[in-house]
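Peer 1: First, the structure itself, so that you have it in front of you.
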Amino acid sequence: MKRKLIYLASILLFFTTVTYSQDAIAIDSNAIDTTVMAEAPENSSIVTESFAAIRVINNHSIEMIPKRSLEFIVAHKFGDLAGSAGGVPAWFGLDNLADVRIAFEYGLFKDINIGIGRSKGIGLLTQVVDGYFKYAILKQRTSGMPISLTFVSAMSAPYRAKDSDSSSVTSWPTVAHRFIYTTQILVARKFSDRITLQMNVGYNHRNYVTYTDQNGLFFAGISGRYRFTKNLGFLFEYIHILDRPSSVTYTNHLAVGFEILTGGHAFALTFANSRGCTENLFIPGTVENWAKGQFRFGFSINRRFKL
Amino acid sequence: MLKNLLRVLFVILAVAIVFSFKWSDMTRYSKYSKEDQVNIADLSVEEILIQLGDQKPIHYISKVNLDSARMGEEMIKYGRLSDKSNKRISKYFVCTDCHNLQQETADPADDSPQAQLDFGKKNKLPFLQGATFYGMYNKRHWYNGDYDKKYGELVYNTRDSLYNAIQLCATQCSQGREMTFWEIRCVLHYYKSLEYKMGDLVFTNYEIGLLSKAVVQNAVLAREIIHSRYIEATHETFGTSKLPEIEGYQPNMENGEYIYVYGCLHCHSPEKNITNFDLKMDKLSFKFLDDKLYKYNHFSISHITRYGTYAISGRKQYMPQYTMENMSDEQLLDLIAYVKIKANE
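Quick mapping for you: the protein sequence lines, in order, are chains R and E. Positions 1 to 307 (the numbering used here) are the ones given, in order, by the first sequence. Positions 1 to 345 (the numbering used here) are the ones given, in order, by the second sequence.
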């Protein structure tokens, strides 16, 4: 019963955002900035380039794809770089592919993005399709508004054949059990031309979990960017799960990386303990430990097109 | 009868010339929505020339159709009609990314880079690669000079036809679709609303005296005088990426800042979403440009300014170059000096 209630709540949460977005669409079509602005003083302009891409590393950033632009993303994560599964035999993880995601993400309106993607998946959750909806509620301004605030709601579902073993986490009794949701609020501030920090809080819900685990997880995270030059920056990202049962073995997602911008392309070279590329996989599904050498090299390429 | 008409015309013209001194240095906007009241300075240069026996241009329009001009303006500013009843002309650019709609120099007969910069700075106009649409209707030749180096034989049938020039701009310069006949007609009506008026032209006292006589006695001379007061064709010259060397050159920071803010940032400002390469008034941008100054690639200021980039498959947005007629070598050095100073502040 409790599971059904949480499932319903997360569905409602997801679709509430869609309903809200439709209101925003009507406003946006009149070419008015839908961003809530607290009486912006004159000469106050929106702070741009808080992050180079719409992801910090694997999680979302407050950056938005401009209206009518399409972003094509290819993200890879390899096997363990060190530890028992890494090192020279697996050529520092490059012989093993942890996850790969190919996605198309689109600026539907000025402050609304949507995206769809497909990942290899991690562990038993393979052949994963995902989609998300993102809405920029507030934007930092040079004076007046000190922060940017963005809402993101994402949904994933593995479409692989279900397991016949009813004790397996992939023995999904119904299609609805396959779904995983993550809803988060991102709050960011660009402190200077070089430094941006972002905090996020959110709720992840898996409709089908093992007996010892729980469906809903609250989490909070911090991420940031330091720019060495115009086109080279350092990134970090950490997400802490707040209420995981102690009976479950898990770790928190921690990633660091470098971004390289070429004007049109944004490359990120990353190292992370998590295997998954999307928040629905790496927030609840990380079990690897940095201290044991269970971290991996990954990269992502973002290419933006105008449509 | 004709003589009487010419006399009346002469009186009108004389008054217009006097008033031209008052209005000639004002930034002018579209007059397609003008009221019924006739302003002498607003008399069409084209119509006066035709009255004096000049040949009508191929794109001649006798009277601006207000609806057509409005539609033309919408397509120029937003790439399509505001009611969205036609397809966007280009996914990548709108005309005003590269062209101003206002007069760009105080004297239409002087479109030198310095005159453009002085007038632009005074009136805070974007400092752009393309020629202004103000007075475009009065020109007779387009895509002259080195443009054939860029567009090859595509430019040949645009050189005498404004209709074809608009089509080339839509399909090549903006990397968009072919415009339909009615769309180009609407743009032409908008151009007509931006044509030179007598008040825009600048005459010397000597020319006024000469014109006064010529209008009555020698229509050919009168036409010549009027024609000499504005540019009918600009012969564009492409430069090279070699850093200019000018003897005795003294950097002008004010000019450099104006070019950076009203030229570079016009497209490269992140809010504009015109290019994939963003620039700002921050040290990171200045340092980046300064570091790449002597490279032979499109991150180098002199290289990108003089060569621009080309549209390629998968990357249609490109940067048109500044020709020597758009930006002088001295101005390029001013821009570089400004970037260097800001990078090392």
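Cβ atoms here follow ideal geometry from the backbone N, Cα and C, with glycine treated the same way.
Name the chain R residues whose beta carbon is nearer than 7 Å to that of P270(E)?
Peer 2: Working through the second sequence from its first residue, we reach residue 270(E) at position 270. In chain order: T48 and E49.
Peer 1: Helix, strand or coil, according to DSSP, for P113(E) in the structure here?
Peer 2: Numbered from its first residue, the second sequence carries residue 113(E) at position 113. P113(E) falls in the helix class under three-state DSSP.
Peer 1: What's the gap between the Cα of I76(E) and the Cα of F297(R)?
Peer 2: Locating residue 76(E) in the second sequence gives position 76, counting from the first residue. Locating residue 297(R) in the first sequence gives position 297, counting from the first residue. The straight-line gap from Cα to Cα measures roughly 48 Å.
Peer 1: Q317(E) versus chain R: which residues are under 9 Å apart at the beta carbon?
Peer 2: On the second sequence, position 317 is the one that residue 317(E) refers to. Ordered by position in chain R, the residues that pass the 9 Å Cβ test against Q317(E) are G264 and K306.
Peer 1: Which residue comes first and which comes last in the beta strand (DSSP E) that contains S69(R)?
Peer 2: As a first step, residue 69(R) is located in the first sequence; it is residue number 69 there, counting from the start. Element bounds for S69(R): S69 to D80.
Peer 1: Suppose the cutoff is 8 Å on Cβ atoms and the five residues either side in sequence are ignored; what does the same chain contact list for P320(E) look like?
Peer 2: For the purposes of this step, residue 320(E) is taken as the residue at position 320 of the second sequence. The residues are C98, Q129, G130, C173 and G308.
Peer 1: For the candidate residues G79(E), N255(E), N273(E) and R223(E), whose alpha-carbon lies nearest to that of E47(E)?
Peer 2: In the second sequence, the residue the question calls residue 47(E) occupies position 47. When only C-alpha atoms are compared, the closest one is R223(E).
Peer 1: Could you give the DSSP three-state label for K150(E): helix, strand or coil?
Peer 2: Here residue 150(E) refers to the residue found at position 150 of the second sequence. The answer is helix: DSSP assigns K150(E) an H, G or I state.
Peer 1: Return the chain-ordered list of same chain residues with a C-beta closer than 8 Å to the C-beta of V47(R), the five sequence neighbours on each side being excluded.
Peer 2: The sequence position of residue 47(R) within the first sequence is 47, counting from 1. These residues qualify, in order along the chain: K139, Q140, R141, T142, S148 and K190.
Peer 1: Assuming D213(R) and V248(R) are in contact, meaning their beta carbons sit under 8 Å apart, how far apart are those beta carbons, in whole angstroms?
Peer 2: Numbered from its first residue, the first sequence carries residue 213(R) at position 213. Numbered from its first residue, the first sequence carries residue 248(R) at position 248. 5 Å between Cβ atoms; contact.
Peer 1: Could you check whether the Cβ of S229(R) sits closer than 8 Å to any Cβ belonging to chain E?
Peer 2: Indexing the first sequence from 1 puts residue 229(R) at position 229. Sequence inspection shows Thr at residue 229(R); the Ser mentioned does not correspond to that position. It does; some Cβ of chain E falls within 8 Å.
Peer 1: Please report how far the alpha carbon of L307(R) lies from the alpha carbon of L186(R), in whole angstroms.
Peer 2: As a working note, residue 307(R) is residue 307 in the first sequence. As a working note, residue 186(R) is residue 186 in the first sequence. As the crow flies, the alpha-carbon of L307(R) is around 27 Å from that of L186(R).
Peer 1: Going by DSSP in three states, D111(R) sits in which element: helix, strand or coil?
Peer 2: On the first sequence, residue 111(R) is found 111 positions in, with the first residue counted as 1. Here D111(R) sits in coil by DSSP.
Peer 1: Assuming R306(E) is part of the alpha helix (DSSP H), what are its boundary residues?
Peer 2: As a position in the second sequence, residue 306(E) is number 306, starting the count at 1. From DSSP, the alpha helix (DSSP H) with R306(E) extends over I301 to Y307.
Peer 1: Decide if the segment 266-277 of chain R is in contact with the segment 313-328 of chain E; the criterion is three or more beta carbon pairs, one per stretch, under 8 Å apart.
Peer 2: no
Peer 1: Thinking C-alpha only, which one of Y203(R), G117(R), I65(R) and F92(R) is nearest S153(R)?
Peer 2: Locating residue 153(R) in the first sequence gives position 153, where the first residue counts as 1. Checked all of Y203(R), G117(R), I65(R) and F92(R); the closest Cα to S153(R) is Y203(R).
Peer 1: T126(R) to W290(R), Cα distance in whole Å?
Peer 2: As a position in the first sequence, residue 126(R) is number 126, starting the count at 1. As a position in the first sequence, residue 290(R) is number 290, starting the count at 1. If you take the alpha carbons of T126(R) and W290(R), they lie about 23 Å apart.
Peer 1: Using 10 angstroms around the beta-carbon of H60(R), count the other beta-carbons present and answer buried if the total reaches 16, otherwise exposed.
Peer 2: Residue 60(R) sits at position 60 when you count from the first residue of the first sequence. In the assembly as shown, H60(R) is a buried residue. Its beta-carbon has 16 or more other beta-carbons within 10 Å.
Peer 1: Identify the continuous alpha helix (DSSP H) that holds F282(R) and give its terminal residues.
Peer 2: Walking along the first sequence from the start, residue 282(R) turns up at place 282. Where F282(R) is concerned, the enclosing alpha helix (DSSP H) starts and stops at E279 to G285.
Peer 1: For L284(E), return the contacting residues in chain R, with the cut-off set at a CB-CB distance below 8 Å.
Peer 2: On the second sequence, position 284 is the one that residue 284(E) refers to. Chain R residues near L284(E): D193, R194, R227, T229 and K230.
Peer 1: Relative to the C-alpha of I62(R), which residue among N273(R), V128(R) and I112(R) is closest?
Peer 2: Here residue 62(R) refers to the residue found at position 62 when the first sequence is read from its first residue. The candidate whose alpha carbon is nearest that of I62(R) is I112(R).
Peer 1: Helix, strand or coil for I116(R)? Go by DSSP, reduced to three states.
Peer 2: For this step, residue 116(R) is matched to residue 116 along the first sequence. The answer is strand: DSSP assigns I116(R) an E or B state.
Peer 1: Against Y92(E), what residues of chain R qualify as contacts under a CB-to-CB distance less than 8 Å, listed in chain order?
Peer 2: As a position in the second sequence, residue 92(E) is number 92, starting the count at 1. For Y92(E), the chain R residues whose C-beta falls within less than 8 Å of its own C-beta are K306, listed in chain order.
Peer 1: Using the C-alpha atoms, what's the distance from F127(E) back to V64(E)?
Peer 2: As a first step, residue 64(E) must be located in the second sequence, where it is residue number 64. As a first step, residue 127(E) must be located in the second sequence, where it is residue number 127. Approximately 28 Å, taken between the alpha carbons.
Peer 1: Which of the three DSSP states, helix, strand or coil, is assigned to I89(E)?
Peer 2: Looking up residue 89(E) in the second sequence gives position 89. Correct three-state label for I89(E): coil.
Peer 1: Does M324(E) come out as helix, strand or coil in the three-state DSSP assignment?
Peer 2: In the second sequence, residue 324(E) corresponds to position 324, counting from 1. M324(E) falls in the coil class under three-state DSSP.
Peer 1: Using the Cβ count rule (16 or more neighbours within 10 Å means buried), how would you classify M179(E)?
Peer 2: Position 179 of the second sequence, counted from the first residue, corresponds to residue 179(E). That one is buried.
Peer 1: Pick out whichever of E104(E), G209(E) and E330(E) has its Cα sitting closest to the Cα of P251(E).
Peer 2: Numbered from 1 along the second sequence, position 251 holds the residue referred to as residue 251(E). The shortest C-alpha separation from P251(E) is found at E330(E).
Peer 1: Starting from the Cα of L289(E), find the closest Cα among Y181(R), K230(R) and N252(R) and give me that residue.
Peer 2: Along the second sequence, read from residue 1 onward, the residue named residue 289(E) stands at position 289. For the residues Y181(R), K230(R) and N252(R), the minimum Cα distance to L289(E) belongs to K230(R).
Peer 1: With C-beta atoms as the reference, is G121(R) less than 8 Å away from D99(R)?
Peer 2: In the first sequence, counting from the first residue as 1, residue 121(R) sits at position 121. In the first sequence, counting from the first residue as 1, residue 99(R) sits at position 99. It is a contact, given that the beta carbons lie within the stated cut-off.
Peer 1: For chain E, find out if any of its Cβ atoms is closer than 8 Å to the Cβ of P146(R); answer yes or no.
Peer 2: Here residue 146(R) corresponds to residue number 146 of the first sequence, with the count starting at 1. P146(R) does not count as touching chain E.
Peer 1: Count the C-beta pairs between the segment 207-226 of chain R and the segment 241-260 of chain R that are closer than 8 Å, then say yes if the count reaches three, no if not.
Peer 2: Taking a cut-off of 8 Å on C-beta distances, the segment 207-226 of chain R touches the segment 241-260 of chain R, as three or more cross pairs fall below it.
Peer 1: According to DSSP, is S193(E) helix, strand or coil?
Peer 2: In the second sequence, the residue the question calls residue 193(E) occupies position 193. DSSP places S193(E) in helix when its eight states are reduced to three.
Peer 1: Using a Cβ-Cβ cutoff of less than 7 Å, which residues in the same chain neighbour M71(E) once the five nearest sequence positions on both sides are dropped?
Peer 2: As a position in the second sequence, residue 71(E) is number 71, starting the count at 1. Correct list, in chain order: L81 and C186.
Peer 1: With a cut-off of 8 Å, does the C-beta of P66(R) fall near any C-beta of chain C?
Peer 2: Note that chain C does not occur in the displayed structure, where the protein chains are R and E.
Peer 1: For the alpha helix (DSSP H) that D334(E) lies in, which residues bound it at each end?
Peer 2: Indexing the second sequence from 1 puts residue 334(E) at position 334. First-last of the alpha helix (DSSP H) with D334(E): D329 to A343.
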